[in-house]
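J.: Quick note: the sequence shown uses my numbering, first residue 519, plus one each step. Idealized CB from N, CA, C, for every residue including glycine. One structure, as structure tokens, below. Some questions next.
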Amino acid sequence: MGYTKTSRPRIFSGIKPTGHLTLGNYLGAVRRWVREDQHRADALFCVVDLHALTVEHDPARVRRLTRQAATLLLASGLDPALCTVFVQSQVDEHARLSYLMECTATDGELRRMIQYKEKAAREGARGGSVRLSLLTYPALMAADILAYGTDEVPVGDDQTQHVELTRDLAQRFNQRYGPVFTVPRATHPEVAARVMDLRDPVSKMGKSHAETAGIVYLLDEADAVRRKFIRAVTDSGSEVRYDRMEQPGVANLLDVLASCTGGKPEVLAEEYASYGALKLAAAEAVVEVLRPIRARHAELCADPSYVDGVLRAGAERARGLARPRVDAAYAAVGLLPPA
Ligand code: AQP
């Protein structure tokens, strides 16, 4: 059919330019893309800018954050010789296939998405209106993934429900119209699949959140990182234990430390006699992880034409990979071939 694959698994994942990239993005997703996925698979990584338009947005900011996200992905170690890095809106097949996904999903299915419920409630509470694209966003995300015959989607925990929906849509489409799509599966890191806000350890560290004191950004200076960790909310009591339910603040610090140093949170807990010592250790571990990323980011910012070139080549390759499958999906549902 023109979209056969190589023997290596196909991997796709993306990041929304809704804010500055966070430690959660890095530990939950990007680091695995860099260390594992790009080496063992035919991997595509995308700045999913269309998803940033589902809530009120400033065009200049989205443009700036899209470039910054792409630059940070490269600064984190994605290597264009090993993987494909591109921007979603520069590859038309995503929006083209999204419509077919909307015709496959049901209204009830999309309204059940937790992120839709939470964000719609947030917008409502602010007195704003809820964009229709916030509801249909998982159909576009399904299109992002399915257009490439993706086998694996490396994401943080918060995206599990959307990938499950993508699987359902792929299966439903294939049953109705014939085998066009690969049914993908989500993969998550062993530790730090959900990094929590340091000031509110029962909420995810999210880059678009308005309250930023508990959010560590990849571009934060070392002193800012240390300050945020020192002010992290811990729990009542003083014993360092790894208990996500009873001690979410301490567990979060242990997850971050374990993820940065390669240890196990349960084992690390035994090494710290106080919350203060744990905070300092976690802060220093994060400072060391971020140091080379910030340095490389500064170098890449001095050479914007390099980043442009990577994105141009990435979009070209992505287009070539996606088009045959999206054309096949259009034909399968009964649409005429391109005129
Ligand atoms: N806190 C986190 N811990 C672990 N993984 C995370 N990811 C995001 N936050 C965490 C993973 O990073 C990838 C890209 O995320 P995204 O851009 O889709 O979402 P975000 O950073 O959470 O941005 P927003 O705009 O603030 O989103 P909402 O409002 O939806 O939370 C994904 O693999 C994600 O799992």
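Between Gly767, Phe747, Arg744, Pro707, which lies nearest to Gly755 when the distance is taken from Cα to Cα?
T.: Numbered from 1 along the sequence shown, position 237 holds the residue referred to as residue 755. Here the closest residue by C-alpha is Gly767.
J.: Suppose only complete runs of 4+ residues qualify. What are the alpha helix (DSSP H) ranges in the region 692 to 749, listed by chain order?
T.: Complete alpha helix (DSSP H) runs here, min 4: 740 to 748.
J.: Would you give the residue range spanned by the beta strand (DSSP E) that Ala561 belongs to?
T.: The sequence position of residue 561 within the sequence shown is 43, counting from 1. Ala561 -> beta strand (DSSP E) spans 560 to 565.
J.: For Leu592, collect the residues of the same chain with a Cβ closer than 8 Å to its Cβ; drop the 5 residues on either side in sequence, then sort them by chain order.
T.: Along the sequence shown, one-based indexing puts residue 592 at 74. Once the five neighbours on either side are set aside, the close Cβ partners of Leu592 are Pro598, Val603, Arg814, Leu818, Val825, Val828.
J.: Could you spell out the range, first to last residue, of the beta strand (DSSP E) harbouring Ser756?
T.: Your numbering for residue 756 matches position 238 in the sequence shown. Premise fails: Ser756 is in no beta strand (DSSP E) and is neither H nor E.
J.: Would you list, in sequence order, the uninterrupted beta strand (DSSP E) runs of no fewer than 3 residues that lie entirely inside the region 602 to 690?
T.: Runs of the beta strand (DSSP E) inside the region 602 to 690: 602 to 605, 670 to 672.
J.: Could you check the C-alpha separation between Glu670 and Cys564 for me, to the nearest Å?
T.: Numbered from 1 along the sequence shown, position 152 holds the residue referred to as residue 670. Numbered from 1 along the sequence shown, position 46 holds the residue referred to as residue 564. If I take the Cα positions, the gap works out to 14 Å.
J.: Using a threshold of 8 Å, state whether the C-beta atoms of Asp560 and Arg528 are closer than that.
T.: On the sequence shown, residue 560 is found 42 positions in, with the first residue counted as 1. On the sequence shown, residue 528 is found 10 positions in, with the first residue counted as 1. Yes, the pair counts as a contact, with Cβ atoms nearer than the cut-off.
J.: Taking 7 Å as the cut-off, is the C-beta of Leu716 nearer than that to any heavy atom in ligand 1?
T.: On the sequence shown, residue 716 is found 198 positions in, with the first residue counted as 1. Leu716 Cβ: outside cutoff for every heavy atom of ligand 1.
J.: Measuring straight from C-alpha to C-alpha, what distance separates Gly732 and Val785?
T.: Residue 732 sits at position 214 when you count from the first residue of the sequence shown. Residue 785 sits at position 267 when you count from the first residue of the sequence shown. When rounded, the distance between both Cα atoms is 25 Å.
J.: When the Cα atoms are used, what is the spatial distance from Arg712 to Pro855?
T.: Within the sequence shown, numbered from 1, the residue matching residue 712 stands at position 194. Within the sequence shown, numbered from 1, the residue matching residue 855 stands at position 337. Rounded to the nearest angstrom, the two C-alpha atoms are 43 Å apart.
J.: Cβ of Lys722 within 7 Å of any heavy atom in ligand 3?
T.: Questions concerning ligand 3 fall outside what the structure shown contains, since the ligands it does hold are ligand 1.
J.: Using a threshold of 7 Å, is the CB atom of Val609 nearer than that to any non-hydrogen atom of ligand 1?
T.: On the sequence shown, position 91 is the one that residue 609 refers to. Result no, Cβ not under 7 Å from ligand 1.
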